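Undergrad: Residue numbers (my numbering), protein chains in the order written: chain A, 1 to 591; chain B, 592 to 833.
I'd like to ask some things about the structure below.
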């Protein structure tokens, strides 16, 4: 028995950064907005306060803020010939499951992705020829430009209190910033965080090697701040408990203390927590959607919420899952290379070295979410010639810490025993005297890396789990080899007492341990309905009153963290809905 | 272990009524001072209460776990031994609690071993895995040395742990050795380095091994004042600040 509710203008599925931004913007424009969030309401005062927020076991090991895999998970495999098995507990990535979503437990790294990504196929074909791109690499242009997105990046950075140093203001290179970044209209809202010793040492070594280090832009307020919406931030305390935790200082830009409370103050907005959306309902003609079906997980009662517009704003994986469960768009088939829903799932790769300096004190437990310094010389620097190294894509290199909590981080030189007095002595000697240099690398789309519905395993609602097929390809292995060499050269130039060098990753992707919560693709944006699920406004090519917002729209994955463009695209979509769609509902781009 | 701790443990053991109140009453005597002004890590007064006795482990399992944690974490100049850190108590409480019972674990079949990149695939909760793994390890020890793990000598224990960690030992009951070892190892680490409210890291002596300050409130000014300098090794726990 499903209870049919009164129609609203907009229903939003999932209330994290994207849902929060759209809820606030659309409610302010006069639309009646309902958000359905499967997680629980949480606040900084009640849930992210001292001393209990400093609990590595609860939040990092036991995943307090994350998706509960007993209820819904996905199955995984490396190749289409394998049988996919359920990810029985979280590991490789950590979708959030509370009001605020993954925006509560992120570190705050906020980057501007550039036309190097948005025009990726055009760029590489123009410079290296069509044959440089492997046949099975399904990269494509995004259909949007950096110039279009610039004002929305700006808006997100000022909302989220990003601390950083501009490298390029209106084409003029700025000392101390990232010289490779695309031009920005103005400075960051806040100055960079105070550098820690390890990031300073990395910066010195990188500079000596001829590279261009700069402070990582992060939504960790370097000083007290009030954003343009009136949300108040405290200063970052460098507590070392950033990633995986809510912030008790309200210094980390998060939706639960910015856009969501702004929306909540608006009578046009209503939030329903514990509400699990199981399906988007298609109209009979298939050209529109009419609303969603959801279950109140506190009592099992099912509801239909009719709406003039549906916005999917859940975690990237769950947005794609809902599209597949609802039968909207044609599911992707990697063999025939037809269909679009599930296409171009991408992840990230990396390499890392640990440097041991006897007698130094890095105090690794003092760090902000983004207190590592970065170089982009092998990232958004198009002058770096990929030709001789034969890879498409990029990586950034960083030195320093953003988390060093002791259950997870106790570096020792390779060859140290795993237990006993010798192990304890090594742990005691090196915990404070080691630092890390790491690379985060892009993953290009590949025809075999994709999502579909699992034929065997089901979630708590009896629905098929999402099936993820993913592995790294030779392109990523070649990039990893290059990155490991650069890291090791920098590391050796610093003369550490001992070094655990970086190595290129060539083993298959695994569901454990943690790697990165930067899952992208599956309902990608693009220039035509034949090879993408959404147009440049994140509007479904099939159903014009359905918008799908999140990293699931990225046609491939860059080396940068995804939240910058995720936030910017949410604002961009909000403007398209407010200024164009509401006045004349229909496709915003001719199909 | 100090005389004072013995006394309190004896008291808790004998106090049938009022035990919970005694165990929960440390907050009143806990100062909330600036983090680096806290008392030394080795002082027992503000530590989490030591609750004696086991909730999950049976006698054989308790003997196994105590022998294991004292072998992996021996008493030396770096720290007290594993049982004095409460690692055995941490493990018991974790297995008896929600995690041990499979909270957040997807437990629907069909069950297949898959390939290592697919992660944990056993039809067992962590507590069931621990129980079966201890049984299998003791069976291996009886077959090899004629005695269970807790009665063999230190070089033999070392040999068993190397066999478990390298996968050289194969269990007769079909349990994958590496899966058991990974869980065993992870729980020992958690018992050393999680907050003392969970029963391990007693007196914050685990954190003191590495100089981890624990539940620090603010480091904003410390970034400059302690740049390149050792930070005072006086860890603070959740109970200290509650």
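Note that the Cβ used here is the ideal one computed from N, Cα and C, for glycine as well.
Bear in mind the structure is a predicted one, so any value in this text is a computation, not a measurement.
Looking at chain B, is there any beta carbon in it that lies within less than 8 Å of the beta carbon of residue 443/A?
TA: Looking up residue 443/A in the first chain gives position 443. Not one chain B Cβ lies under 8 Å of residue 443/A.
Undergrad: From the DSSP output, read off the bridge partner residues of residue 438/A.
TA: On the first chain, position 438 is the one that residue 438/A refers to. Its beta-bridge partners are 352/A and 398/A.
Undergrad: Which ranges would you report for the alpha helix (DSSP H) in the segment 689 to 767 of chain B if only whole runs of at least 4 residues count?
TA: Counting whole runs of 4 or more residues, the segment 689 to 767 of chain B contains the alpha helix (DSSP H) stretches 717 to 736 and 745 to 757.
Undergrad: Just the chain B side, please: which residues come within less than 8 Å of residue 108/A by C-beta, in chain order?
TA: The residue given as residue 108/A occupies position 108 in the first chain. What residue 108/A touches in chain B: nothing, since even the nearest Cβ is about 16 Å away.
Undergrad: Can you tell me whether residue 17/A is buried or exposed? The criterion is at least 16 other CB atoms within 10 Å of its CB, across all chains shown.
TA: Here residue 17/A refers to the residue found at position 17 when the first chain is read from its first residue. Buried: at least 16 other Cβ atoms inside 10 Å.
Undergrad: Does any C-beta atom of chain B lie closer than 8 Å to the C-beta of residue 198/A?
TA: Indexing the first chain from 1 puts residue 198/A at position 198. Chain B, which has no Cβ nearer than 8 Å to the Cβ of residue 198/A, makes this no.
Undergrad: Under 6 Å Cβ to Cβ from residue 657/B, same chain only, skipping five residues before and after it: list those, please.
TA: Taking the second chain and counting its residues from 1, the one referred to as residue 657/B is at position 66. Within the same chain, residue 657/B has close Cβ partners 674 and 679.
Undergrad: CA-CA distance, residue 497/A and residue 356/A?
TA: As a working mapping, residue 497/A is identified with position 497 in the first chain. As a working mapping, residue 356/A is identified with position 356 in the first chain. Going by the C-alpha atoms only, they are around 6 Å apart.
Undergrad: According to DSSP, simplified to helix, strand and coil, what is residue 270/A?
TA: Position 270 of the first chain holds residue 270/A. Three-state DSSP puts residue 270/A in a strand.
Undergrad: With 8 Å set as the bound, which would you pick, yes or no: does the beta-carbon of residue 784/B sit closer than that to a beta-carbon of chain A?
TA: Taking the first residue of the second chain as position 1, residue 784/B is located at position 193. Closer than 8 Å: yes.
Undergrad: Put residue 138/A into one of helix, strand or coil per three-state DSSP.
TA: Within the first chain, numbered from 1, the residue matching residue 138/A stands at position 138. Looking at residue 138/A - three-state DSSP - the assignment turns out to be coil, as it is neither helix nor strand.
Undergrad: With a cut-off of 8 Å on the beta carbons, I'd call residue 525/A and residue 555/A a contact; round off their distance for me.
TA: Taking the first residue of the first chain as position 1, residue 525/A is located at position 525. Taking the first residue of the first chain as position 1, residue 555/A is located at position 555. At roughly 7 Å, the Cβ-Cβ gap stays under 8 Å, so residue 525/A and residue 555/A are in contact.
Undergrad: Compare the C-alpha of residue 127/A against each of 183/A, 116/A, 136/A and 135/A and name the closest.
TA: The residue given as residue 127/A occupies position 127 in the first chain. Measuring from the Cα of residue 127/A, the nearest candidate turns out to be 116/A.
Undergrad: One question on the structure: do residue 457/A and residue 699/B come within less than 8 Å of each other, judged by their Cβ atoms?
TA: Taking the first residue of the first chain as position 1, residue 457/A is located at position 457. Taking the first residue of the second chain as position 1, residue 699/B is located at position 108. Yes, they are a contact pair.
Undergrad: Please classify residue 539/A: does DSSP put it in a helix, a strand, or coil?
TA: For the purposes of this step, residue 539/A is identified with residue 539 of the first chain, where counting begins at 1. The answer is strand: DSSP assigns residue 539/A an E or B state.
Undergrad: Could you check if residue 507/A is buried or exposed, using at least 16 other CB atoms within 10 Å of its CB as the buried criterion?
TA: Here residue 507/A is taken as the residue at index 507 of the first chain, counted from 1. The residue in question, residue 507/A, is exposed, as its Cβ has fewer than 16 Cβ neighbours within 10 Å.
Undergrad: Decide if residue 593/A is buried, meaning its Cβ has at least 16 other Cβ atoms within 10 Å, or exposed.
TA: Past the edges of chain A, shown from 1 to 591, lies residue 593/A, and the structure says nothing about it.
Undergrad: At the level of alpha carbons, what is the spacing between residue 348/A and residue 578/A?
TA: In the first chain, counting from the first residue as 1, residue 348/A sits at position 348. In the first chain, counting from the first residue as 1, residue 578/A sits at position 578. For residue 348/A and residue 578/A, the distance between alpha carbons rounds to 34 Å.
Undergrad: Taking the Cβ atom as the reference point for each residue, do residue 89/A and residue 696/B lie within a distance shorter than 8 Å?
TA: Here residue 89/A refers to the residue found at position 89 when the first chain is read from its first residue. Here residue 696/B refers to the residue found at position 105 when the second chain is read from its first residue. Cβ atoms of residue 89/A and residue 696/B: closer than 8 Å.
Undergrad: Which one of 136/A, 454/A and 100/A has the shortest CA to CA distance from residue 43/A?
TA: Residue mapping note: residue 43/A aligns to position 43 of the first chain, counting from 1. If we check each option's Cα against that of residue 43/A, 100/A comes out closest.
Undergrad: Apart from the five residues on each side of it in sequence, which residues of its chain come closer than 6 Å, Cβ to Cβ, to residue 49/A?
TA: Within the first chain, the letter at position 49 stands for residue 49/A. Cβ neighbours of residue 49/A beyond the five flanking positions: 248.
Undergrad: Whose Cβ in chain B lies nearer than 9 Å to the Cβ of residue 425/A?
TA: For this step, residue 425/A is matched to residue 425 along the first chain. Those within 9 Å of residue 425/A in chain B are 667, 668 and 669.
Undergrad: Between residue 85/A and chain B, is the shortest Cβ-Cβ distance under 8 Å, so that the two count as touching?
TA: By one-based count along the first chain, residue 85/A stands at place 85. Chain B contact via Cβ: present.
Undergrad: Would the beta-carbon of residue 407/A fall within 8 Å of that of residue 211/A?
TA: Indexing the first chain from 1 puts residue 407/A at position 407. Indexing the first chain from 1 puts residue 211/A at position 211. Not a contact, by the Cβ cut-off of 8 Å.
Undergrad: Spatial neighbours of residue 396/A within its chain, please: C-beta separation below 6 Å, excluding the five flanking residues on both sides.
TA: Position 396 of the first chain, counted from the first residue, corresponds to residue 396/A. So the qualifying residues of the chain are 374, 376, 379, 440 and 559.
Undergrad: If the criterion is Cβ atoms closer than 8 Å, does the pair residue 391/A and residue 478/A meet it?
TA: Numbered from its first residue, the first chain carries residue 391/A at position 391. Numbered from its first residue, the first chain carries residue 478/A at position 478. Result yes, Cβ atoms of residue 391/A and residue 478/A sit closer than 8 Å.
Undergrad: At what residues does the alpha helix (DSSP H) containing residue 282/A begin and finish?
TA: On the first chain, position 282 is the one that residue 282/A refers to. Not the alpha helix (DSSP H): residue 282/A falls in the beta strand (DSSP E), residues 275 to 282.
Undergrad: Where do the ends of the alpha helix (DSSP H) carrying residue 566/A lie?
TA: Taking the first residue of the first chain as 1, we reach residue 566/A at position 566. Residues 563 to 576.
Undergrad: Report the residues of the segment 491 to 508 of chain A with a CB closer than 9 Å to any CB of chain B, ordered along the chain.
TA: The segment 491 to 508 of chain A vs chain B, Cβ under 9 Å: 507 and 508.
Undergrad: Please determine, among 387/A, 574/A, 481/A and 534/A, the residue with the shortest C-alpha to C-alpha distance to residue 131/A.
TA: Within the first chain, residue 131/A is the residue found at index 131, counting from 1. Among 387/A, 574/A, 481/A and 534/A, the Cα nearest to that of residue 131/A belongs to 387/A.
Undergrad: Give me the DSSP bridge partner(s) of residue 333/A.
TA: Here residue 333/A is taken as the residue at index 333 of the first chain, counted from 1. Residue 333/A pairs with 338/A.
Undergrad: By DSSP, does residue 109/A sit in helix, in strand, or in coil?
TA: The residue given as residue 109/A occupies position 109 in the first chain. The answer is strand: DSSP assigns residue 109/A an E or B state.
Undergrad: Quick one: does residue 721/B have its CB under 8 Å from some CB of chain A?
TA: Looking up residue 721/B in the second chain gives position 130. So no, residue 721/B is outside the interface.
Undergrad: Could you tell me whether the Cβ atoms of residue 517/A and residue 156/A are closer together than 8 Å?
TA: Sequence index remark: in the first chain, residue 517/A carries index 517 (1-based). Sequence index remark: in the first chain, residue 156/A carries index 156 (1-based). No, the Cβ-Cβ distance between residue 517/A and residue 156/A is not below 8 Å.
Undergrad: Three Cβ pairs or more, each shorter than 8 Å: is that satisfied between the segment 51 to 59 of chain A and the segment 283 to 293 of chain A?
TA: Touching, no, given that fewer than three Cβ pairs across the two stretches are closer than 8 Å.
Undergrad: Chain A beta carbons: is any one of them nearer than 8 Å to that of residue 638/B?
TA: Indexing the second chain from 1 puts residue 638/B at position 47. With a pLDDT of 43 at residue 638/B, under the threshold of 50, the modelled position of that residue is not reliable, and no figure is offered here.
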